[in-house]
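Colleague: Under my numbering, the residue at position 11 of the sequence shown is numbered 393, and the numbers go up by one with no gaps.
Would you mind keeping the following structure in view while I ask a few things?
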Amino acid sequence: MPVNFNTMERKKNKEFTHLGSLLDNVVRAIRHDADVEMLQIWNLWDSAVGEEIAKNARPAAFKGNMLIVNVTSSPWMQQLQFLKKDIMNKINDAAETDLISEIKFKIGTV
383 MPVNFNTMER
393 KKNKEFTHLG
403 SLLDNVVRAI
413 RHDADVEMLQ
423 IWNLWDSAVG
433 EEIAKNARPA
443 AFKGNMLIVN
453 VTSSPWMQQL
463 QFLKKDIMNK
473 INDAAETDLI
483 SEIKFKIGTV
C-alpha cells in the first residue's frame with residue numbers, strides 16, 4: 383500500500399538523530415543477517431582497531447565469516463597482514479561473538 387506523505391502527520395523534533403542509530407533498525411527490517419553483522423562490524427571498527435588503522439583501513443564486505451577490508455596502500459596491507467589475528471580477536475571480543483574467522487585485505491577506497 384503506497385504511503386501518502388501529504389497526509390502523513392509530521393512530528394516536530396528539535397533534536398537531531400544520528401544516522402547510525404537508525405541504520406541498524408532499517409537494515410534489520412529489509413536485509414538478512416550478514417548485513418546486520420556487517421553493520422555491527424562497522425559500528426565497532428574504529429574502537430576495536432584503533433585510530434591509526436581506522437584511518438587506513440575500512441570494512442568493505444562480509445562473506446560468510448570472512449571480512450574483506452579496503453586498505454589505503456600496499457605498505458598498510460602488508461602491515462595489517464602481520465596484525466590480522468589480533469584484529470580478528472579485537473573485533474570478535476568487541477562483538478562478544480565469533481563474527482569473523484578470516485580477513486582479506488585489498489587496496490581500495492577507505
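For each residue, glycine too, the CB sits at the ideal point set by N, CA and C.
No experiment lies behind these values; they were computed from the predicted model shown.
1. Quick one: using the 10 Å Cβ neighbour count with 16 as the cut-off for buried, is Ile435 buried or exposed?
2. Among residues of its own chain, excluding the 5 on either side of Ala476, which ones have a beta-carbon nearer than 6 Å to its beta-carbon?
3. Tell me which same chain residues have a C-beta within less than 6 Å of the C-beta of Met381, skipping the five on either side of it?
4. Which partner residues of Leu449 appear in the DSSP bridge assignment?
5. Answer with buried or exposed for Ile473, where buried requires no fewer than 16 other C-beta atoms within 10 angstroms of its C-beta.
6. Give the DSSP bridge partners of Ala439, in chain order.
7. Please determine, among Ile489, Trp424, Gln422 and Asp428, the residue with the shortest C-alpha to C-alpha distance to Gln461.
8. Helix, strand or coil for Asp494, going by three-state DSSP, please let me know.
9. When DSSP labels each residue in this structure, what does Val492 get in the three-state scheme?
10. Taking DSSP as the reference, what is the three-state secondary structure of Asp480?
11. Run the CB neighbour count on Met448, radius 10 Å, all protein chains shown included, and call it buried at 16 or more, exposed below.
12. Using only the alpha-carbon positions, how far apart do Thr491 and Leu465 sit?
Modeller: Reading it off the structure:
1. Within the sequence shown, the letter at position 53 stands for residue 435. With 16 or more other Cβ atoms within 10 Å, it is buried.
2. Counted from its first residue, the sequence shown places residue 476 at position 94. The answer, listed in chain order, is Leu426 and Ala430.
3. Residue 381 falls outside the range modelled here, since the chain spans only 383 to 492, and no answer is possible.
4. Indexing the sequence shown from 1 puts residue 449 at position 67. Note: Leu449 sits in a beta bridge opposite Phe444 and Ile485.
5. In the sequence shown, the residue the question calls residue 473 occupies position 91. Under this definition Ile473 is a buried residue.
6. Locating residue 439 in the sequence shown gives position 57, where the first residue counts as 1. According to DSSP, Ala439 bridges with Val453.
7. Locating residue 461 in the sequence shown gives position 79, where the first residue counts as 1. Closest option to Gln461, Cα to Cα, is Ile489.
8. Residue 494 is absent from the structure shown; the chain starts at 383 and stops at 492.
9. To locate residue 492, count along the sequence shown from 1; it is residue 110. Correct three-state label for Val492: coil.
10. As a position in the sequence shown, residue 480 is number 98, starting the count at 1. Three-state DSSP puts Asp480 in coil, outside helix and strand.
11. Stepping through the sequence shown from its first residue, residue 448 is reached at position 66. The residue in question, Met448, is exposed, as its Cβ has fewer than 16 Cβ neighbours within 10 Å.
12. Here residue 491 refers to the residue found at position 109 when the sequence shown is read from its first residue. Here residue 465 refers to the residue found at position 83 when the sequence shown is read from its first residue. Each residue's Cα considered, the two are about 20 Å apart.
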